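Have a look at the structure below before the remarks.
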Amino acid sequence: MKIQGKMFIWLSVFVLAMAIVYGVWSKEPAGTTALFLAFGLCIMVGYYLAFTARRVDVGAQDDKEADVADDAGELGFFSPHSWQPLSLAIGGALAFMGVVFGWWLLYFSAPIIMIGLWGWVFEYYRGENQNQ
859 MKIQGKMFIW LSVFVLAMAI VYGVWSKEPA GTTALFLAFG LCIMVGYYLA FTARRVDVGA
919 QDDKEADVAD DAGELGFFSP HSWQPLSLAI GGALAFMGVV FGWWLLYFSA PIIMIGLWGW
979 VFEYYRGENQ NQ
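Per the numbering used here, the sequence shown starts with residue 859, numbered consecutively.
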C-alpha cells in the first residue's frame, strides 16, 4: 500500500498546483473551489493509505519481484444458481414502468421487489443450500 499512498500524495501536489494556476488565470470561483476540494480529497486518501501502510504487512504490490498471481486471494463466494435476481429484475422493471404509465404500478412492484430481496438475503439459510 505504500505505492498507492505515494501516488495519491503526488496526485494531490499536482492538483494543488493546477488549482492555483487555474484560480490565478481564470478568476472563476466554482472551478477553483472544485479543484481545491479535489486536492483535499486526494491528500486525505493519500495520508490514510500512507498511514495504514506502516501498520499492515508488505503487500505484493510493494515487491518489485512479485508476480500478478502473488496478490491473488480469495475473491469471495458467488452463488452458482439463484432465481432471486430474476424476481428483482421483474419488480424493478414494473417500478420503472410505473414512472411512465402511472405510480399505481408501484403497488404491484414493491411486493415483488421485497420478496426478491428477502429471498436473496436469506437464500442460504433455508432449503437445500443451507449452510453452504
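The C-beta atom is built at its ideal place from N, Cα and C for all residues, glycine as well.
This structure is a prediction, so every number in the text was calculated from the model and none was measured.
- Cα atoms of Leu964 and Tyr982: separation of roughly 28 angstroms, rounded to the nearest angstrom.
- Annotation: the continuous alpha helix (DSSP H) that includes Ser870 extends over Lys860 to Ser884.
- Apart from sequence neighbours up to five positions away, the residues of its chain that approach Leu893 with a beta-carbon distance below 7 angstroms are Val873, Met876, Ala877 and Tyr880, ordered along the chain.
- Judged by DSSP in its simplified three-state form, Asp928 adopts helix.
- The beta-carbon distance between Leu975 and Leu946, rounded to whole angstroms, is 7 angstroms. This is short enough to meet the 8 angstroms contact definition.
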